[in-house]
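Engineer:
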Amino acid sequence: MVTITYNGVLHFTVNKAGDVWATGTQTGDFVLTPDDSTQPTYSGHFTTWFGEGDNRRNGVEHSTFTAHGTGSDGSTLQFHDTMHLSVSASGAVVSFDKPSCG
0 MVTITYNGVL HFTVNKAGDV WATGTQTGDF VLTPDDSTQP TYSGHFTTWF
50 GEGDNRRNGV EHSTFTAHGT GSDGSTLQFH DTMHLSVSAS GAVVSFDKPS
100 CG
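Residue numbers for the sequence shown follow numbering that gives the first Met the number 0, beginning at 0 and rising by one.
Quick look at the structure:
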């Protein structure tokens with residue numbers, strides 16, 4: 000089970016041409032409690048962010064997620080993910096998702 004406590008903010012803008020920009024951030028604390036009581040419970044901090052910009056011809060979406068935790072047994076949990084997706088007016092698509100654990 001995961002319990003999170005966080006704060007967040009969201010910004011959203013649309014202009015007269017219908018172009019859209021959005022961005023949001025959430026940051027807070029988590030507790031990860033396993034179903035198996037012989038496994039460690041992890042507690043720590045996380046931050047996630049996303050951004051999006053779209054018009055009638057182009058679009059881009061990107062996000063990041065980072066979490067750091069410490070287990071009840073002293074072990075550590077670290078995770079980071081960066082994602083990007085864009086589509087140009089010509090239809091070219093660029094995308095990647097780069098997770099890393101430590």
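Ideal Cβ positions, reconstructed from N, Cα and C, are used throughout, including at glycine.
Would Thr-32 pass as a contact of Phe-45 if the rule is Cβ separation under 9 Å?
Structural biologist: It is not a contact, given that the beta carbons lie outside the stated cut-off.
Engineer: DSSP puts Ala-97 in a beta bridge; with which residues?
Structural biologist: For the record, residue 97 in the displayed sequence is Lys; it is not Ala. DSSP, once it has assigned bridges, lists Thr-81 as partnering Lys-97.
Engineer: Under DSSP, the beta strand (DSSP E) around Gly-73 begins and ends at which residues?
Structural biologist: Gly-73 -> no beta strand (DSSP E), and no H or E assigned at all.
Engineer: Give me the residue from Asp-53, Thr-40, Thr-47 and Gln-38 with the minimum Cα distance to Ser-85.
Structural biologist: Closest option to Ser-85, Cα to Cα, is Asp-53.
Engineer: When DSSP labels each residue in this structure, what does Asn-54 get in the three-state scheme?
Structural biologist: Coil, per DSSP.
Engineer: How big is the Cα-Cα spacing for Gln-77 and Ala-16?
Structural biologist: So the two alpha carbons sit approximately 42 Å from each other.
Engineer: Are there 16 or more other CB atoms within 10 angstroms of the CB of Gly-68, so buried, or fewer, so exposed?
Structural biologist: By the neighbour-count rule (16 or more Cβ atoms within 10 Å), Gly-68 is buried.
Engineer: Along the beta strand (DSSP E) that carries Gly-7, what are the first and last residues, could you check?
Structural biologist: Run containing Gly-7: 1-13, per the beta strand (DSSP E) assignment.
Engineer: Excluding the five sequence neighbours on either side, which residues of its own chain have a C-beta within less than 6 Å of the C-beta of Glu-51, listed in chain order?
Structural biologist: Result list for Glu-51: Ala-21 and Glu-60, in chain order.
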